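Report on one structure; see the data block that follows.
Residue numbers (our numbering): 4 to 281.
Here it is as structure tokens:
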């Protein structure tokens with residue numbers, strides 16, 4: 004009833020899950036992840052206990068393959084109907100598909116990833132997710148790579164019953180809002196006619212509002228740049244002798260505080276400021 008990818012970033016810092024299904028609010032049931040430990044997707048008559056259990060096992064240093072075996076061995080429920088994918092902080096990912104999962108059902112795994120799906124349009128769904136994941140190893144943003152892989156599976160037919168929900172969960176140490184959390188991305192589309200595309204739109208917004216700026220692109224707040232920013236801020240009602248303070252105030256109101264750097268301005272913030280005062 005669901006297809007997903009569980010994966011680790013190329014540098015090993017981030018872990019995440021991307022999932023879609025003809026199921027209400029799939030993000031509330033399938034994915035779980037813990038920074039520097041691992042990630043899991045439990046689906047097809049999902050056993051939600053797999054989420055804390057797998058992360059606890061991975062935290063002991065157990066490999067993903069052995070973790071999946073332990074989950075299945077300890078499950079008193081309908082194991083032949085279960086499906087699960089697990090990735091740890093190192094090594095290969097692992098996936099399990101019970102023999103009684105609704106067809107088509109199956110998975111694939113390799114270094115740092117596991118792909119799985121059931122009640123799919125066909126094996127091409129898993130194959131396309133895997134292909135897109137492996138082809139995207141040069142993508143600078145891990146969340147975007149996960150989403151691109153999910154989108155490839157969706158466009159290959161996805162859940163044969165149709166579309167309803169999708170979710171994206173990414174964790175990395177200290178990469179959450181304000182550096183006070185490890186949850187980097189947590190986006191859900193609970194009920195939508197094209198949920199994976201909607202998830203992509205939300206990720207674009209997340210990138211603007213919550214990603215930190217690229218230091219190489221920052222514009223120093225000196226000379227003409229400082230004069231323009233001060234003028235734009237004044238138009239928007241943010242006047243302060245201290246330009247950094249005025250910019251921080253304006254950015255906070257627009258939810259762009261994660262992109263504020265003293266003595267400089269992010270080009271994306273400047274573009275938003277120009278648009279708001281045009």
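Backbone N, C-alpha and C define an ideal beta-carbon position, used for all residues, glycine too.
Since we're looking at a predicted model, the values are computed, not measured.
Fully contained in the stretch 30–65 are the following beta strand (DSSP E) runs of length 3 or more, in chain order: 34–37, 41–46. Taking 8 Å as the upper bound for CB-CB distance, residue 235 and residue 280 are in contact here, some 5 Å apart. Cβ-Cβ separation between residue 40 and residue 62: approximately 5 Å, consistent with a contact (criterion under 8 Å). Each residue's CA atom was taken as its position, placing residue 119 and residue 100 some 8 Å apart. By the criterion of a C-beta distance shorter than 7 Å, residue 229 is surrounded in its chain by 246, once the five residues flanking it on both sides are discounted.
Shortest Cα-Cα distance from residue 86 to any of 153, 47, 33 involves 47. Assigned with DSSP and collapsed to three states, residue 110 falls in strand. Judged by their CB atoms, residue 69 and residue 50 are not nearer to each other than the 8 Å cut-off. Apart from the 5 residues on each side of it in sequence, residue 116 sits with its Cβ closer than 6 Å to the Cβ of 10, 96, 136 in its chain, given in chain order. Residue 248 sits exposed, since fewer than 16 C-beta atoms from the chains shown fall within 10 Å of its C-beta. Look at the beta carbons and you see the stretch 153–163 not touching the stretch 217–226: under three pairs across the two are nearer than 8 Å. Counting along the chain, residue 189 sits inside the beta strand (DSSP E) bounded by residues 186–192. For residue 116, the enclosing beta strand (DSSP E) starts and ends at 116–120.
DSSP places residue 252 in the helix class (H, G or I) of the three-state scheme. Just measuring C-alpha positions, the residue of 102, 186, 197 sitting nearest residue 19 is 186.
Across the structure, residue 250 and residue 259 are spaced so that their CA atoms are roughly 10 Å apart. Taking C-beta atoms as the reference points, residue 167 and residue 24 count as a pair closer than 8 Å. The distance from the Cβ of residue 56 to that of residue 74 is about 6 Å, consistent with a contact at the 8 Å cut-off.
Taking 8 Å as the cut-off, the Cβ atoms of residue 145 and residue 12 count as close. If you compare the alpha carbons of 211, 98, 226, 134 with that of residue 155, the shortest gap goes to 134. If the five residues before and after residue 103 are omitted, its C-beta is found closer than 8 Å to the C-beta atoms of 81, 83, 84, all from its own chain and listed in chain order. Secondary structure of residue 175 (DSSP, three-state): strand. Considering only 122, 238, 66, the residue with the shortest C-alpha distance to residue 165 is 122.
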